[in-house]
C-alpha cells in the first residue's frame, strides 16, 4: 500500500471499512425481510389456488419456500450493501487509519482510479 499518514508520515496504514460493514448488515436485514415476505405471499397464493399434495405438503412447501426466499433475499441484500458500503468507504468516509498514531484520513484523490 502506497498510502502514508499525513499526521506522522508512517506507512503502517489499515482500513476501517465502517461503511462496508454497516451497509452489509443493513442490506442483509432488508433483503432477508423482503425475501421472506415475498416467499410467504407466494406460498399463501399457492395454497389459495388449491392443495394438490394435501394440507401437509402445502404447509411444508410454504415453510420451505419462505426459508429459501429469506436466505436468498438476505444474500442478495448483503451483496448490494457491501458494494454500496465500499463506495461510501472510498468516496465519503475517512476509511484509512494510521496503525502508529491512530489518525483517520481519506485516500489521496489523485492516487485513486476515478470512475468516469
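Numbering (our numbering), first residue to last: 80 to 195.
C-beta: ideal position from N, C-alpha, C; glycine also.
Exercise. What is the DSSP secondary structure of residue 93, counted as helix, strand or coil?
Worked result: Locating residue 93 in the chain shown gives position 14, counting from the first residue. Correct three-state label for residue 93: strand.
Problem set entry | Through-space distance from residue 164 to residue 67, alpha-carbon basis | The requested residue 67 is not part of the displayed model; the chain covers only 80 to 195.
Problem set entry | Own chain partners of residue 111 with C-beta closer than 7 Å, once the 5 adjacent residues on each side are dropped | Taking the chain shown and counting its residues from 1, the one referred to as residue 111 is at position 32. The residues are 149, 152, 153 and 156.
Problem set entry | Contact with chain D by residue 108, beta-carbon distance below 8 Å | As a matter of chain content, chain D is missing from the structure shown, which is built from one protein chain.
Exercise. So, residue 121 versus residue 144, is the Cβ gap smaller than 8 Å?
Worked result: One-based indexing of the chain shown puts residue 121 at position 42. One-based indexing of the chain shown puts residue 144 at position 65. A contact, by the Cβ cut-off of 8 Å.
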